[in-house]
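Undergrad:
In my numbering, the protein residues as written are 10 to 234.
Right under this line is the structure:
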């Protein structure tokens with residue numbers, strides 16, 4: 010992983026990311042993803058107390074600069090991802106990271122559900138999205154679409170949900186995307202294959218409410234737009 014304290018593991022992850030840049034260019038794709046990783050040995054999208062440290066942040070910045078140099082040479086953009094359990098745990102942290110790397114090829118993949126970390130945000134996603142796009146909107150390259158819900162239990166727990174059954178303000182999200190990145194893609198994710206078509210139909214209802222007209226509606230059976 011790109012934040013691993015093990016130098017060899019970190020360099021291997023950077024080299025893999027560099028190869029992804031080459032493949033992205035060969036495929037003619039506009040961008041490739043950079044995931045921030047985690048110090049948790051059980052997986053890159055799992056929490057660890059060290060993920061929020063300055064040391065991990067600095068390590069991620071250093072790795073990203075190396076990655077972005079290759080991306081620039083290959084002529085592709087890099088869309089960094091993040092989430093509440095990762096080193097890029099908030100909109101402010103994402104902005105600080107992109108500004109610290111200082112590369113014109115580095116942007117951001119909007120996926121606000123990943124950043125829901127408390128009930129204040131969960132129960133007011135309209136406000137949450139406004140603040141989120143205020144800090145990160147100018148860096149947007151594309152987006153992931155999904156929904157979430159708060160589970161009925163004592164300890165606060167969130168779960169992803171099918172689009173339309175959860176708490177995210179999809180109309181505000183789509184209007185924000187239209188404002189900051191009108192040519193960007195929006196990809197529905199994390200559903201069983203048989204549920205994508207229905208999710209796409211539901212999402213297009215929100216798009217209609219938001220006044221969005223898709224330039225290209227691909228993936229009629231997969232829910233991609």
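Every residue, glycine too, gets a C-beta built ideally from N, C-alpha and C.
Would residue 225 be called buried (16 or more neighbouring beta carbons within 10 Å of its own) or exposed?
TA: Indexing the chain shown from 1 puts residue 225 at position 216. Exposed: under 16 other Cβ atoms inside 10 Å.
Undergrad: DSSP three-state call for residue 205: helix, strand or coil?
TA: Position 196 of the chain shown, counted from the start, is the residue given in the question as residue 205. It is helical.
Undergrad: So residue 187 is in the alpha helix (DSSP H); what residue range does that whole segment cover?
TA: Counting from one through the chain shown, the residue named residue 187 turns up at place 178. Per DSSP, residue 187 belongs to the alpha helix (DSSP H) from 179 to 189.
Undergrad: For the putative contact between residue 48 and residue 65, defined by C-beta atoms under 8 Å, what is the C-beta separation to the nearest angstrom?
TA: Start at 1 with the first residue of the chain shown, and residue 48 comes out as number 39. Start at 1 with the first residue of the chain shown, and residue 65 comes out as number 56. Residue 48 to residue 65, Cβ: 7 Å. Contact.
Undergrad: Can you look up residue 115 in the DSSP assignment and give me helix, strand or coil?
TA: Counting from 1 along the chain shown, the entry for residue 115 is found at position 106. Three-state DSSP puts residue 115 in a strand.
Undergrad: In the structure shown, what three-state DSSP assignment does residue 4 receive?
TA: This structure cannot settle anything about residue 4, because the visible part of the chain is limited to 10 through 234.
Undergrad: Use the C-beta contact count for residue 201: other C-beta atoms within 10 angstroms, 16 or more gives buried, fewer gives exposed.
TA: Within the chain shown, residue 201 is the residue found at index 192, counting from 1. Residue 201 is exposed by the Cβ-count criterion.
Undergrad: I need the DSSP call for residue 192, collapsed to helix, strand or coil.
TA: Indexing the chain shown from 1 puts residue 192 at position 183. Assignment of residue 192 by DSSP, reduced to helix, strand and coil, places it in the coil class.
Undergrad: Could you give the distance in angstroms between the alpha-carbon of residue 4 and the alpha-carbon of residue 209?
TA: With the chain covering only 10 through 234, there is no way to say anything about residue 4.
Undergrad: Is it buried or exposed, residue 119, if we count other Cβ atoms within 10 angstroms and call 16 or more buried?
TA: Your numbering for residue 119 matches position 110 in the chain shown. The C-beta of residue 119 has 16 or more other C-beta atoms within 10 Å across all chains shown, which makes the residue buried.
Undergrad: Under three-state DSSP, which class holds residue 222?
TA: Position 213 of the chain shown, counted from the start, is the residue given in the question as residue 222. Three-state DSSP puts residue 222 in coil, outside helix and strand.
Undergrad: Please go through the same chain and pick out, in chain order, the residues whose beta-carbon is closer than 8 Å to the beta-carbon of residue 157, but skip the five residues on each side of it.
TA: Against the chain shown, residue 157 aligns to sequence position 148. Contacts found: 122, 125, 131, 167, 168, 169, 170, 175, 176, 177.
Undergrad: Answer yes or no: do residue 80 and residue 103 have a C-beta to C-beta separation smaller than 9 Å?
TA: For the purposes of this step, residue 80 is taken as residue 71 along the chain shown, with counting starting at 1. For the purposes of this step, residue 103 is taken as residue 94 along the chain shown, with counting starting at 1. No, the Cβ-Cβ distance between residue 80 and residue 103 is not below 9 Å.
Undergrad: Between residue 163 and residue 96, what straight-line distance do the alpha-carbon atoms span, to the nearest angstrom?
TA: Reading the chain shown from its first residue, position 154 is the one you call residue 163. Reading the chain shown from its first residue, position 87 is the one you call residue 96. Near 27 Å, if we compare the C-alpha coordinates of residue 96 and residue 163.
Undergrad: In chain order, what residues of the same chain have a beta carbon less than 6 Å from the beta carbon of residue 27, not counting five sequence neighbours either side?
TA: Numbered from its first residue, the chain shown carries residue 27 at position 18. Closer than 6 Å at Cβ, skipping near neighbours: 79.
Undergrad: Which whole-angstrom value describes the C-beta separation of residue 10 and residue 18, a residue pair presumed to lie in contact below a C-beta threshold of 8 Å?
TA: Counting from 1 along the chain shown, the entry for residue 10 is found at position 1. Counting from 1 along the chain shown, the entry for residue 18 is found at position 9. Confirmed, Cβ separation roughly 7 Å.
Undergrad: Report the rounded CA-to-CA distance for residue 218 versus residue 154, giving the unit in angstroms.
TA: Against the chain shown, residue 218 aligns to sequence position 209. Against the chain shown, residue 154 aligns to sequence position 145. Answer to the nearest angstrom: the Cα atoms are 16 Å apart.
Undergrad: Report yes if the C-beta distance between residue 70 and residue 100 is below 9 Å; otherwise report no.
TA: Position 61 of the chain shown, counted from the start, is the residue given in the question as residue 70. Position 91 of the chain shown, counted from the start, is the residue given in the question as residue 100. For residue 70 and residue 100, no; Cβs fall outside 9 Å.
Undergrad: In chain order, what residues of the same chain lie with their CB nearer than 6 Å to the CB of residue 220, ignoring the 5 residues before and after it?
TA: For the purposes of this step, residue 220 is identified with residue 211 of the chain shown, where counting begins at 1. Taking residue 220 as the centre and dropping the five residues before and after it, the same chain places no C-beta closer than 6 Å to its C-beta.
Undergrad: Residue 60 and residue 94 look like a contact to me (Cβ under 8 Å); what is the Cβ gap, rounded to whole Å?
TA: The residue given as residue 60 occupies position 51 in the chain shown. The residue given as residue 94 occupies position 85 in the chain shown. Sure, about 7 Å apart at Cβ, within 8 Å.
Undergrad: Could you name the residues of the same chain whose beta carbon sits closer than 8 Å to that of residue 77, not counting the 5 residues immediately before and after it, in chain order?
TA: As a position in the chain shown, residue 77 is number 68, starting the count at 1. Answer for residue 77: 87, 110, 112, 114, 115, listed in chain order.
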